[in-house]
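To start, the structure itself, in C-alpha cells.
Right under this line is the structure:
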C-alpha cells in the first residue's frame, strides 16, 4: 500500500470524503463576529498550531487540555468522536472492501448503497450478488433459513413452420434413430453467455419477489378445461408448452401455456394415456393399451412404438440414456432408446404405479402392494424394499433433504412419508389430507401434493407441516390426479378435466396476501 505524508483527514487525494467543510465555514462566521483584535489573536494561534511540527502540536494540545475545565473537556469529547470516524472504502483496496461487504446480508447491502456513491459502487458489485444468489437460490440458506426459487432458463425455441422441413426432420429421426435427436437431456442445455446479461443483483431481486409470493400465498390463477378427465400432464415454461392426457380416446393434447389454446392433438393409442414426459425434441407416452409411444410433438407424428408389457403401462420416466416404465403387470422395464430393447425388474406383487431414474444407474419404483423398491441397474437387482404405508403407494420420488438421500412417497392411506434411502426407515410422516394422496411434485425448496379430497397442498418439508392449500376440496369432491411444480408455477389437474395454473411470478400490485386454512 502506498505511504502518504499526510494523515487521513488531510490527504489531498481524499478531499471528496472530508465532511467538515461546513464546520469550517461556521467557525469563520463566528470568528468574524468578534472584535478585530480578538480575530487577529485567534487567527494567529490557529496559524501557529497548524505550522508547528507534530511534536510541538502535541505539546500545545497538552497545555491547552491542562487549562480546560470540565465543561470544555466534555465539549471536546463530543466534538472529537465524529472527527475520528474513517471511511475505510477510501483507504483500503477495492478487493478488501468487497471482502468486508461480503459479510453483509442482502438488506444491509441495500442500506450500504445509500451511504455514498463509493459505497454504492462496492455494494452493487456483481461478485457480492453472485455470492448472494449462490447462497440462496435453489437451496435454503443456513444463516436465514429460506431460499429463492431457481430461475428456469428462458430460451428462444424456434419451431420450423415449413411443412417440408418438418417432414424431412421427422424422416431423418425415424431413419437414423439418432442418439442426439431421440435422447436429448430432459433438462435444457445451459444458455450461452450474452453480453447483455442481467446483473446478479437484478437476478436476486426478481427471485426475491417470487420467493415472497410463495411465502405469502400470492399468485394468479388461470383455469383450462379439457372435455374429459386429465390423468397426467407436464409443462415447460421455456417453450410455453403444456401437454395433458387421460381421456378414454387415448389422445394427448398440446396446449399453449400462455394463451390456453390447443395447438394439436396427438392420436395413436387405443386406450387412455396414464403417463407422459417430454423434453425439447420428443414426447413419450404410456398407455393402458400396453404400449409406450415416442412422438415428435412439434408435428404430431408418432416416431416409434415400444411393446413389451403384458398389461397397461401406468408410469414412465426417462433421462438422456434410458427409459423406465412401470406396468399393471407388476414389472419395471428399462428401455434402451437407441435399440428399443429392454429388460425387466421383477419383485413387486401388484401393479407398479410409479418409476423414476436416480443418479443414472438406479431406479425407484412404487406399487399397489404398499412398498417401494430401490433398484440397481448395473446388477439388475433390488437394493432395498421400503415398507410402512398402509395402502397402495402412488408416487415415490428420490431426492436430497438436508444433505441426506431420501425418497418421498404418497399413498392412498392419506399420508406422505419421507424415507432414508440409506437405512430404508421412515424419518417423517406428513399428515393433512383427508383422503388418499395421488400425486406429488418436489424441488429443493418445497413439496406439493394432490389428493382425492380435491386439495392441492404446499408443504414445508423441513418441519413436516402444510404451509397452505392452493386448491380446496368442494362438495363435488373432484380428485386431483396430477401436479407439477416449477420455479414460479404449480399446475394441477383433476379427473373432471379442470387444469389450474397457479403463477407466483405474475401477481397484480394490488393483490393482498391470502390466507387459506389447511
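Numbering (the UniProt record's numbering), first residue to last: 1 to 518.
All C-beta atoms, glycine included, are put in the ideal place defined by N, C-alpha and C.
ask   = Rounded to a whole number of angstroms, what is the C-alpha to C-alpha distance between residue 397 and residue 110?
value = As a working mapping, residue 397 is identified with position 397 in the chain shown. As a working mapping, residue 110 is identified with position 110 in the chain shown. Each residue's Cα considered, the two are about 39 Å apart.
ask   = Which residue spans inside the segment 311 to 390 form an unbroken alpha helix (DSSP H) run of at least 4?
value = none
query = Taking Cβ to Cβ, would you say residue 213 is nearer than 9 Å to residue 505?
reply = Indexing the chain shown from 1 puts residue 213 at position 213. Indexing the chain shown from 1 puts residue 505 at position 505. Contact: yes.
query = Per DSSP, which one or two residues make a beta bridge with residue 296?
reply = Position 296 of the chain shown, counted from the first residue, corresponds to residue 296. As DSSP reads the structure, residue 296 sits in a beta bridge with 301.
message = Please classify residue 114 as buried or exposed, where buried requires at least 16 other C-beta atoms within 10 Å of its C-beta.
response = Position 114 of the chain shown, counted from the first residue, corresponds to residue 114. By the neighbour-count rule (16 or more Cβ atoms within 10 Å), residue 114 is not buried but exposed.
task = Give the secondary structure of residue 125 by DSSP, where H, G and I count as helix, E and B as strand, and everything else as coil.
result = On the chain shown, position 125 is the one that residue 125 refers to. It is coil, neither helix nor strand.
key: Cutoff 7 Å; reference residue 248; Cβ partners in own chain excluding five residues on either side   = Stepping through the chain shown from its first residue, residue 248 is reached at position 248. Taken in chain order, the residues that qualify are 228 and 272.
key: Residue nearest to residue 452 in terms of C-alpha spacing, selected from 437, 462 and 460   = As a first step, residue 452 is located in the chain shown; it is residue number 452 there, counting from the start. The option with the nearest alpha carbon to residue 452 is 437.
Whole-number beta carbon distance between residue 372 and residue 409, since they are thought to touch under 8 Å = Stepping through the chain shown from its first residue, residue 409 is reached at position 409. Stepping through the chain shown from its first residue, residue 372 is reached at position 372. With a Cβ gap of about 6 Å, residue 409 and residue 372 count as contacting.
query = Based on Cα-Cα distance, which residue from 80, 341 and 431 lies nearest to residue 304?
reply = In the chain shown, residue 304 corresponds to position 304, counting from 1. The residue with the shortest Cα to Cα distance from residue 304 is 341.
inquiry  = Between residue 501 and residue 222, how many whole angstroms is the CB-CB distance? I'm expecting something under 8 Å.
reply    = For this step, residue 501 is matched to residue 501 along the chain shown. For this step, residue 222 is matched to residue 222 along the chain shown. Confirmed, about 5 Å.
key: residue 246 burial status per 10 Å Cβ neighbour count (16 or more: buried)   = Position 246 of the chain shown, counted from the start, is the residue given in the question as residue 246. Looking at its Cβ environment, which holds 16 or more other Cβ atoms inside 10 Å, residue 246 is buried.
message = For residue 95, report the span of its alpha helix (DSSP H) as first-last.
response = Against the chain shown, residue 95 aligns to sequence position 95. Its alpha helix (DSSP H) spans residues 94 to 101.
ask   = Hey, quick one: how far does the beta strand (DSSP E) through residue 503 stretch, first residue to last?
value = For the purposes of this step, residue 503 is taken as the residue at position 503 of the chain shown. From DSSP, the beta strand (DSSP E) with residue 503 extends over 498 to 503.
key: Segment limits, alpha helix (DSSP H) that includes residue 285   = Position 285 of the chain shown, counted from the first residue, corresponds to residue 285. Residue 285 -> not in any alpha helix (DSSP H); beta strand (DSSP E) instead, spanning 283 to 287.
message = For residue 80 and residue 204, I'd like the C-alpha separation in whole angstroms.
response = Against the chain shown, residue 80 aligns to sequence position 80. Against the chain shown, residue 204 aligns to sequence position 204. If you take the alpha carbons of residue 80 and residue 204, they lie about 41 Å apart.
request  = Please go through the segment 39 to 80 and give each complete alpha helix (DSSP H) segment of 4 or more residues, from N-terminal end onward.
outcome  = 54 to 67
message = On the CB-based measure, 16 or more other CB atoms within 10 Å of its CB, does residue 43 come out buried or exposed?
response = Counting from 1 along the chain shown, the entry for residue 43 is found at position 43. So residue 43 counts as exposed.
Spatial neighbours of residue 123 in its chain, beta-carbon cut-off 7 Å, leaving aside the 5 residues before and after = Looking up residue 123 in the chain shown gives position 123. Hits under 7 Å: 101, 109, 112 and 113.
query = Across which residues does DSSP place residue 255 in a beta bridge pair?
reply = Position 255 of the chain shown, counted from the first residue, corresponds to residue 255. 242 and 262, per the DSSP bridge assignment.
message = Quick check: what's the CA-CA separation for residue 441 versus residue 449?
response = What you label residue 441 is simply residue 441 of the chain shown in a count that begins at 1. What you label residue 449 is simply residue 449 of the chain shown in a count that begins at 1. Going from the Cα of residue 441 to the Cα of residue 449 covers about 6 Å.
ask   = If you compare alpha carbons, which of 232, 309 and 307 is closest to residue 276?
value = Translated into positions along the chain shown, residue 276 becomes position 276. Comparing Cα positions, the closest option is 232.
Best match in 443, 395 and 388 for proximity to residue 429 [C-alpha to C-alpha] = Locating residue 429 in the chain shown gives position 429, counting from the first residue. Minimum Cα distance to residue 429 is reached at 388.
ask   = Taking residue 310 as the reference, which of 284, 288 and 486 has the closest Cα?
value = Against the chain shown, residue 310 aligns to sequence position 310. Check the Cα spacing between residue 310 and each of 284, 288 and 486: the tightest is with 288.
inquiry  = Under DSSP, the beta strand (DSSP E) around residue 202 begins and ends at which residues?
reply    = The residue you call residue 202 lines up with position 202 of the chain shown. Segment 200 to 215 is the alpha helix (DSSP H) holding residue 202; no beta strand (DSSP E) there.
ask   = Under the rule that 16 or more other beta-carbon atoms within 10 Å means buried, what is residue 463, buried or exposed?
value = Counting from 1 along the chain shown, the entry for residue 463 is found at position 463. Residue 463 is exposed by the Cβ-count criterion.
Where the alpha helix (DSSP H) containing residue 110 begins and where it ends = As a position in the chain shown, residue 110 is number 110, starting the count at 1. Residue 110 -> alpha helix (DSSP H) spans 106 to 112.
ask   = Run through DSSP, which three-state label would residue 307 get?
value = Along the chain shown, read from residue 1 onward, the residue named residue 307 stands at position 307. Strand, per DSSP.
key: For residue 27, the three-state DSSP class (helix, strand or coil)   = Position 27 of the chain shown, counting from 1, holds the residue named residue 27. Reduced to three states, the DSSP call for residue 27 is helix.
request  = Can you tell me which of the three DSSP states residue 116 falls into?
outcome  = Against the chain shown, residue 116 aligns to sequence position 116. DSSP places residue 116 in coil when its eight states are reduced to three.
query = Which two residues bound the contiguous beta strand (DSSP E) that contains residue 399?
reply = Numbered from its first residue, the chain shown carries residue 399 at position 399. From DSSP, the beta strand (DSSP E) with residue 399 extends over 393 to 401.
Beta-carbon proximity of residue 225 to residue 497, cut-off 9 Å = Walking along the chain shown from the start, residue 225 turns up at place 225. Walking along the chain shown from the start, residue 497 turns up at place 497. Their beta carbons are under 9 Å apart, which means residue 225 touches residue 497 by this criterion.
Span separating the alpha-carbon of residue 126 from that of residue 263 = By one-based count along the chain shown, residue 126 stands at place 126. By one-based count along the chain shown, residue 263 stands at place 263. Those two C-alpha atoms are separated by around 41 Å.
message = If you follow the beta strand (DSSP E) that residue 226 is in, where does it begin and where does it stop?
response = Walking along the chain shown from the start, residue 226 turns up at place 226. Under the DSSP assignment, residue 226 falls outside any beta strand (DSSP E); it carries neither an H nor an E label.
ask   = In the DSSP assignment, what are the bridge partners of residue 428?
value = Position 428 of the chain shown, counted from the first residue, corresponds to residue 428. 418, per the DSSP bridge assignment.
key: C-alpha distance - residue 439 paired with residue 395, whole-angstrom precision   = In the chain shown, counting from the first residue as 1, residue 439 sits at position 439. In the chain shown, counting from the first residue as 1, residue 395 sits at position 395. Taking the straight line joining both Cα atoms gives about 6 Å.
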